[in-house]
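**Q** All residue numbers for the sequence shown refer to UniProt numbering, where the first residue is 1 and numbers rise by one. Glycine is no exception: its CB is placed at the ideal position from the N, C-alpha and C atoms. All values derive from a computational prediction rather than experimental measurement. Before I ask anything, here is the structure I am working with.
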Amino acid sequence: MAAVKRRREPLLDAAPCERRRRDGDNAADSARSCETTWPPLDLSLLDEAISALPEEGRIASSLLRKAVEHHASAEWQSVASHAREAERIAWSALHTGHWTRVPTSWRAVYMAAAYYTAAGEFLAASASPDQQDAGIHPERAALGALRTVDLGLMLGDHTFRQDLLRAAETLEAQRSRPVLAAGSTIEEAGW
């Protein structure tokens, strides 16, 4: 596969999303403006790999493309839902036999699915006050997203590795901010 020049800026910074929400912006506007902090992957890198996979590969590809469409319109729950299903398909394929006999293309598919699952779940929690009211705080969402990204790095190949590494760094920074019971960080409380 051809080398793709990667961006060096952080993929994700939830702090602006959280500030806009605190300042009274509505959740939809906040979510749309947060989209640019987790850019879409170049799924054309998967096209050749997926063409060699069985029908399940094309289904996973279709689900990933739907996740990208929902990403463009900041529908984070839909991003997570479609990507999670693609991730499940790729996980099953990766665990069907000895790892040396599984087509390596599944590793790229799994990695892309993990990226979008983590993005959708984290940004849904970060952009929606309703999620926080339901007890889903962005820091907890960051921890879950970090687990997903970590699995993507372990089971994936090199195709989207730099994207997932940057996401992991940023999620770790988000996760390590101390959070008070009310959901605000210590810095926000003035401590």
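Among the candidates Gln-162, Leu-165 and Ala-118, whose CA atom is the shortest distance from the CA of Gly-144?
**A** Locating residue 144 in the sequence shown gives position 144, where the first residue counts as 1. Of the candidates Gln-162, Leu-165 and Ala-118, the one whose C-alpha sits nearest the C-alpha of Gly-144 is Ala-118.
**Q** Val-68 to Pro-40, Cα distance in whole Å?
**A** Numbered from 1 along the sequence shown, position 68 holds the residue referred to as residue 68. Numbered from 1 along the sequence shown, position 40 holds the residue referred to as residue 40. So the two alpha carbons sit approximately 7 angstroms from each other.
**Q** Which of the three DSSP states is assigned to Glu-69 in this structure?
**A** Start at 1 with the first residue of the sequence shown, and residue 69 comes out as number 69. Three-state result, Glu-69: helix.
**Q** So the alpha helix (DSSP H) Phe-122 belongs to, where does it begin and stop?
**A** The count along the sequence shown starts at 1 and reaches residue 122 at position 122. 105–127 is the extent of the alpha helix (DSSP H) around Phe-122.
**Q** Under the three-state reduction of DSSP, which class applies to Ala-173: helix, strand or coil?
**A** Taking the sequence shown and counting its residues from 1, the one referred to as residue 173 is at position 173. Three-state result, Ala-173: helix.
**Q** Tell me the rounded alpha-carbon separation between Thr-96 and Ala-168.
**A** In the sequence shown, the residue the question calls residue 96 occupies position 96. In the sequence shown, the residue the question calls residue 168 occupies position 168. Each residue's Cα considered, the two are about 28 angstroms apart.
**Q** Is it right to say Ser-105 is buried, meaning 16 or more other beta carbons lie within 10 angstroms of its own, or is it exposed?
**A** The residue given as residue 105 occupies position 105 in the sequence shown. Buried, since its Cβ has 16 or more Cβ neighbours within 10 Å.
**Q** Take Arg-140 as the anchor and find which of Gly-152, Leu-123 and Leu-155 has the nearest alpha-carbon.
**A** Translated into the one-based positions of the sequence shown, residue 140 becomes position 140. For the residues Gly-152, Leu-123 and Leu-155, the minimum Cα distance to Arg-140 belongs to Leu-123.
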